[in-house]
Amino acid sequence: MLFNDLFREKYRTILVKGSDEPEYLPANEPDGVAQVVFAHGYYASALHEISHWCIAGERRRALHDYGYWYCPDGRSPEQQRAFEQVEVKPQALEWLFSMAAGFRFHISLDNLSGDGAADESGFRSKVREQAGLYLSTGLPRRAGQFFDALTTFYGTTDTVLESWQQDARRIAPVSSALNTLRKIETV
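Residues 1103 to 1289 in my numbering are what the sequence shown lists, from first letter to last.
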């Protein structure tokens, strides 16, 4: 509702619940609407797909899945490094959107049947650094609009910065605490 209210008119884009795989479907006719499709009705999937949309420029928003090739779960170490590199900004935005909505964020390496992370602690640190940068210098315009709508709707405007500071230790702890975090998140 919040996404559609903000972006349907100006950007001719709506958020819709899908099934197995999330995807972005550009409008297929001049007066049509583009669709940000999230998987299985999962809230985290919706926030993640919105994050990708908020980053994509006008040219990319005219292409199916923004013109990116997606390599599914089971990636090689080289493919996983490439995945981690392009996922820093979307996951940083997803984290901020999650906090704005009072929802617990989980970093996603999205490679359960592959070799796992190429550099988990490095990836976590980069996502944390990017989220902090967004908070200090500002979010991309559409992301900022959505973030503001979430904080207003969920009443988190006054607490989101404090929540981020506390959550940053959970998402990207100092490397010596990473093994403890893995044990806790496994339970």
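Virtual Cβ for every residue (Gly too), placed ideally from N, Cα, C.
- CA-to-CA, the gap between alanine 1129 and tyrosine 1170 works out to about 17 Å.
- Out of Arg1243, Trp1266, Arg1161 and Val1139, the CA that lies nearest to the CA of methionine 1201 is found in Trp1266.
- Per the C-alpha coordinates, the member of Ser1121, Val1229, Arg1272 and Ala1164 positioned closest to glutamine 1187 is Val1229.
- In this structure, Ser1210 is the residue among Tyr1256, Thr1115, Gly1240 and Ser1210 with its C-alpha nearest to the C-alpha of glutamate 1196.
- Per DSSP, the unbroken alpha helix (DSSP H) holding phenylalanine 1199 starts and ends at 1179-1202.
- Judged by DSSP secondary structure, phenylalanine 1109 falls outside any beta strand (DSSP E) and instead within the alpha helix (DSSP H) spanning 1104-1113.
- Nearest to aspartate 1133 by C-alpha distance, out of Lys1112, Gly1234, Leu1241 and Cys1156, is Lys1112.
- For the 8 Å CB-CB criterion, arginine 1163 and alanine 1136 form a contact.
- Note: glutamate 1125 is bridge-paired with Val1139 in the DSSP secondary-structure output.
- Distance between leucine 1127 and tyrosine 1168, taken at the CA atoms: about 9 Å.
- In this structure, the beta-carbon distance from phenylalanine 1140 to leucine 1104 does not fall below 8 Å.
- The Cβ-Cβ distance between histidine 1154 and proline 1179 does not fall below 8 Å.
- At the C-beta level, alanine 1203 and leucine 1252 come within 8 Å of one another.
- Lysine 1119 is bridged by DSSP to Phe1140.
- Here the alpha carbons of glutamate 1160 and arginine 1110 stand approximately 15 Å from one another.
- Cβ atoms of phenylalanine 1199 and phenylalanine 1249 come within 8 Å of each other, at about 6 Å.
- Sequence-distant Cβ neighbours of arginine 1226 in its own chain, meaning closer than 7 Å and more than five residues away, are Ile1209, Ile1273 and Ala1274.
- Distance between alanine 1270 and glutamate 1131, taken at the CA atoms: about 43 Å.
- Collapsing the DSSP output to three states places glutamate 1231 in a helix.
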